[in-house]
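Undergrad:
There are 2 protein chains.
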Amino acid sequence: MSLVSRGPADRAEAPELDPAVVRRLRDAVGDDAVFTSREDRDDYRDPYWYVEDRSYDSSAVVYPTSTEQVQEIVRIANDVRIPVWTSSQGRNYGYGGPSPRVKGSILISFRRMNRVLEINEKLAYAVVEPGVRWLDLYDAIEAGGHDLMVSVPDLGWGSVIGNTLDSGVTYLPLGMDYQAPTGMEVVLADGSLLRTGMGALPNSQSWHVYKRGLGPVLDPLFVQSNLGIVTRMGYWLMRKPEAYAPLYLTVPKDSQLEQAIDITRELRLQGVIRGVPVMQNTITLASHFPEILGKMRAHEGTLSEEQLQEIADSTGVGRWGQRTAVWGDRAVVEHHVARIKEAWSAIEGSRVDEYGLYTKENWGDIHHFLEKVQAGIPNLDMLEGRPDDIGHIGFSPVVPLEGTKVREVVNLLKRIAEDEVGVNFVAGLCTISERSTVLVSGLNFSTVDEESWRTAFDAVKHMVREAAKLGYGEYRAHLDFMDEAAEQYSFGDHAYRRFVERIKDAVDPNGILSPGRHGIWPQASRNR
Amino acid sequence: MSLVSRGPADRAEAPELDPAVVRRLRDAVGDDAVFTSREDRDDYRDPYWYVEDRSYDSSAVVYPTSTEQVQEIVRIANDVRIPVWTSSQGRNYGYGGPSPRVKGSILISFRRMNRVLEINEKLAYAVVEPGVRWLDLYDAIEAGGHDLMVSVPDLGWGSVIGNTLDSGVTYLPLGMDYQAPTGMEVVLADGSLLRTGMGALPNSQSWHVYKRGLGPVLDPLFVQSNLGIVTRMGYWLMRKPEAYAPLYLTVPKDSQLEQAIDITRELRLQGVIRGVPVMQNTITLASHFPEILGKMRAHEGTLSEEQLQEIADSTGVGRWGQRTAVWGDRAVVEHHVARIKEAWSAIEGSRVDEYGLYTKENWGDIHHFLEKVQAGIPNLDMLEGRPDDIGHIGFSPVVPLEGTKVREVVNLLKRIAEDEVGVNFVAGLCTISERSTVLVSGLNFSTVDEESWRTAFDAVKHMVREAAKLGYGEYRAHLDFMDEAAEQYSFGDHAYRRFVERIKDAVDPNGILSPGRHGIWPQASRNR
């Protein structure tokens, strides 16, 4: 497999689905839940893709409402040997959205399978179907008056299960290392139904409260996977704390990045910071601070170091800015905020902005975007003002939480963005865990300009290859370079991929579940 | 498969290994690393088993010192179709120790493959080989002067990797839900070498700092598993806190168990307790408080409720006692200790014993067993005074952390212990996580008395079946009833087991890796 650049646009539509297959699908899920027209399919494709390209065109979109219907769809797919591609809400823009890797796949959308099946107040967890959005789960918690919070990502319209299965990010303490998801129900390729962990015990009392079972642990095998379709999942929730303090920490100069990373790591390892902070550079911060956007628009084209510094200084957001928070008893929160301020003061000229101390009394006053996400209040604030015809694509390597290593990767990606695309480097350390961070670097492109689209994807693929040479790998790849990203994980003559392929062939012999997802292809499609 | 009681003792030795196979093994690992005599094999069998029974007899014990040697042993096993059974230190007494499930298996012992490969001070993790014991890792950390602590179990002689791969317990905050293990190297059944997660990227910088990779996550698949042999693993460590406060919490009356559980759960969910507390009943507490043992010996046979209450009252340990601790900045520790005391005071007549507040200044004063484990200081204190010919066996279901559910299971197991075996119920809630606990119930038996041994195993198997009827399953089973325990996980006509069996057949077609481990058998051995 060669590592290719993005080719020219493929304008050919997916072949039409055999009417007999459409009939069977309608029998399975109902006439109102199968869509095959180009218009209907286009309604449910990735908006962050060149509009003329149909490389990832589906042949139908099917909306099951029950696990039984999903099982039936899978049986049909096996019969007719047409692959299915699953998405929950399909909001993973920048990664391919709901589009299938293989043209002509039948899309299974879970948008109509969206029940919150349980909220367990005592044991602090929820059980959801894949169509449940963060917004829905939050509403269900609030409607039930539960003393619980859910760890949410930046945008509330995505699916809890979908985000989890993409290894997506959330920002409250349970977001660290994806601790929230626990206990799954999975439709297998033969249409049978599996329950993981303690759920394999009939009438299990402990399905969603214990992360293992007896024998090998399967839940994580269904992450970024095409080995089964998750139709139900437990998700741990957090008791509402006595106090919550959202903070914004500035890094005035780019040269202070290393120092900021090292301080953050120590605060995490010492248990002072327990959530999932994010640290973004000036341009990315425009989504939080509209005043930056105004300043940026005053300049033409790419901004120079001096111009960036001027924006950072005049708006006060800094060259990097960290969103973080503390949760807990009031006395503990106050102590930890003081510790953060003290540690951060070592960064010359830096600032720690306190966005208030929230308790049950003033919880309703939470309004700013920086406050809402870490309070578990899902929202769509980041979408505001985003032009329709601008997509984005990113490369997101996992980097140890060490200043020098983060700097090494930032320098590499910055060079490629500036030299090959001629744009400013846009980056966020979007998941700061205790020992690692995911450095999300982004490139915007025009979805109506073929050249702009191709340049962006070529540059990102170049980033994938160059970072791998230094030992840094992607945490999650866009459809268009899943193969290239997976290709880098080649230790032992691709021992990892061969092992997963053997599992794939054993549990999905016809290769009908999401072929090609994250570089895993069924036997018939492999030609290495 | 029928659920059978323990049969009469099987006194037949394993068939002798073909000398040609012995020769090949010696060529692979050296003459001094292959043992076949009965005496040598018996030196390395489970001491908690009836001495006359050879159901789990091995044909050889092999001590590799490198990954390459392990690969070569696996290749030989494939050639000659003799299964291997892996153990690290083989200290999992009560679960079968190093003994193989299939008589005549070749034992691979990792006792000589015991290097601490790395201690990363900045990122707070270690990388170890499977023979590394808690004692060894602790020594390496101390010898290097690192500002780090390791989450340890009650006994320090076991293997870090061995304990992890059995889903074993450790007690510091990283022990919660097994958060410490991260990134593995695995010898596969065909002798090839796999690296999980970010380790699949050659020269990966992030192998041991990030819990996932690109594509399906494999690490947990090697827990309680026979799909590969883990020869190297990352293990997260904790920064030494400013302060550490070990505590002992009493529950004076058995009827207060539910209340104690519910209070503990709220303290956990509120983030006040962050480690892994243990709550034991009076008899089990004898291993911590020798004065109990003296009182017990003053009585003949089984103790009545009144006698138990008298011991609990006169020694002051209570009917249940919880070992817990708080770690963090001094101000936070003091606040959280006060919170625990306040919450616990709701239990009538209860007490919170503070075992001192330790900081860097007085760390050397930590001496009591209750203090050492939660300070990450491995020891063998619990072994003291244990008679040689007494073994123990337990049933350990996972129970949601709710008073009423814990009570339901305690009552069931107590009834079986008292009515069927005629002994006092011995129990510890040995892993109190945020939402679940593992209730370890134990039965002692004489390893030189066939009747005593058989009665104990029959009773435990009965516990397995009866608890399953209520929806509670075993977290880890002894060799002798792995099949019975796995049999309970039957949802979807055993969808879980069939799925794992399909993986097993695909990645180990000759079925040579630890056949039967936790109920997973290769194709040739299945006759359901």
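If you read the protein sequences in the order shown, they are chains A and B.
The numbering of the first sequence is my numbering, which starts it at 4 and goes up by one.
The numbering of the second sequence is my numbering, which starts it at 4 and goes up by one.
C-beta atoms are modelled at their ideal positions from N, C-alpha and C, and glycine is treated no differently.
All figures in this text were calculated on a predicted structure; none of them were measured in a lab.
1) Does any CB atom of chain B fall closer than 8 Å to the CB of glycine 519/A?
2) For glutamate 490/A, tell me which candidate among Arg94/A, Lys125/A and Val467/A has the shortest Cα-Cα distance.
3) Residues bridged to aspartate 356/B by DSSP?
4) Below 8 Å on the Cβ atoms is my contact criterion, and I expect arginine 326/A with leucine 373/A to pass it. Report the Cβ-Cβ distance as a whole number of Å.
5) The beta strand (DSSP E) spanning isoleucine 449/A covers which residue range?
6) Along the chain, where does the beta strand (DSSP E) containing glutamate 405/B start, and where does it finish?
7) Would you please verify whether the beta carbon of arginine 235/A is less than 8 Å from any beta carbon of chain B?
8) When you compare only the Cα positions, how much space is there between methionine 4/B and lysine 507/A?
9) Tell me the rounded alpha-carbon separation between serine 444/A and alanine 420/A.
10) Quick check on this structure: which residue in Val401/B, Pro11/B and Arg418/B has the alpha carbon closest to the alpha carbon of glutamate 217/A?
11) For valine 24/A, which residues from the same chain have a beta carbon less than 6 Å from its beta carbon, with the 5 sequence-adjacent residues on both sides left out?
12) For serine 5/A, would you say it is in contact with chain B, using Cβ-to-Cβ distances shorter than 8 Å as the test?
13) From arginine 300/A to isoleucine 435/A, what distance separates their C-alpha atoms?
14) Considering only C-alpha positions, which residue in the set Asp316/A, Pro390/A and Pro184/A is nearest to aspartate 295/A?
15) If you draw a straight line from the alpha carbon of isoleucine 369/B to that of serine 209/B, how long is it in whole angstroms?
16) Just the chain A side, please: which residues come within less than 9 Å of histidine 149/B by C-beta, in chain order?
17) Below 8 Å on the Cβ atoms is my guess for isoleucine 350/A versus glutamine 262/A; work out the distance and round it to an integer in Å.
18) Which of the three DSSP states, helix, strand or coil, is assigned to tyrosine 492/B?
19) Compute the beta-carbon to beta-carbon distance between leucine 126/B and arginine 26/A, rounded to the nearest angstrom, for a pair I have assumed lies under 8 Å.
20) Take the Cβ of arginine 44/A as the centre, count every other Cβ of all protein chains shown within 10 Å, and call the residue buried at 16 or more, exposed below.
21) What does DSSP give as the partner residue(s) for arginine 3/B in the beta ladder?
22) Report the residue from Ser399/B, Val275/B and Gly202/B whose alpha carbon sits nearest the alpha carbon of histidine 339/B.
23) Residues in the same chain with beta-carbon distance under 7 Å from leucine 383/A, minus the five sequence neighbours each way, listed in chain order, please.
24) Should glutamine 526/B be labelled buried (16 or more other beta-carbon atoms within 10 Å of its own) or exposed?
25) Does DSSP put arginine 136/B in a helix, in a strand, or in coil?
26) Mapping the DSSP letters down to three states, classify alanine 63/A as helix, strand or coil.
27) Assess, as a yes-or-no matter, whether the region 304 to 318 of chain A is touched by the region 228 to 245 of chain A under the definition of 3 or more beta carbon pairs within less than 8 Å.
28) Entirely within the region 165 to 213 of chain A and at least 4 residues each: give me those alpha helix (DSSP H) ranges in chain order.
29) Taking histidine 338/A as the query, report the chain B residues whose CB atoms sit under 7 Å from its CB, ordered along the chain.
30) Compare the C-beta of leucine 197/A with all C-beta atoms of chain B and state if any pair is closer than 8 Å.
31) How about glycine 161/A: is its C-beta nearer than 8 Å to some C-beta of chain B?
32) Determine the direct distance from the alpha carbon of serine 162/B to that of glycine 278/A, and round the result to whole angstroms.
33) Thinking just about the alpha-carbon of each residue, which of Pro156/B, Glu121/B and Ile122/B is nearest to the one in leucine 138/B?
34) Grouping DSSP H, G and I as helix and E and B as strand, with all else coil, what is glutamate 124/A?
35) Using a Cβ cut-off of 7 Å, pull out every chain B residue sitting near glycine 202/A, in sequence order please.
TA: Based on what the coordinates show:
1) no
2) Val467/A
3) Tyr251/B
4) 6 Å
5) It is worth fixing the name first, because residue 449/A is serine in this sequence and not isoleucine. Run containing serine 449/A: 439 to 449, per the beta strand (DSSP E) assignment.
6) Note, glutamate 405/B: premise wrong, no beta strand (DSSP E); not H, not E.
7) no
8) Confidence in methionine 4/B is poor, its pLDDT being 39 and thus under 50, which makes the residue's placement unreliable; the coordinate value appears in the next sentence. The alpha-carbon atoms of methionine 4/B and lysine 507/A are separated by roughly 28 Å.
9) 9 Å
10) The sequence shown places leucine at residue 217/A, rather than the glutamate named in the question. Minimum Cα distance to leucine 217/A is reached at Val401/B.
11) Val83
12) Low confidence applies here, because serine 5/A scores a pLDDT of 46, under 50, leaving its location unreliable and the question unanswered by this model.
13) 30 Å
14) One detail in the question is off: residue 295/A reads as isoleucine in this sequence, not aspartate. Nearest of Asp316/A, Pro390/A and Pro184/A to isoleucine 295/A, Cα basis: Asp316/A.
15) 35 Å
16) In chain order: nothing, as chain A lies at least about 12 Å away.
17) 6 Å
18) coil
19) Not really, about 57 Å apart at Cβ, beyond 8 Å.
20) buried
21) For chain B, the structure presents residues 4 to 531; residue 3/B sits outside this window and is missing.
22) Val275/B
23) Leu158, Gly159 and Trp160
24) exposed
25) strand
26) strand
27) no
28) none
29) Asp332, Ala334 and Val335
30) yes
31) no
32) 31 Å
33) Pro156/B
34) coil
35) Phe494
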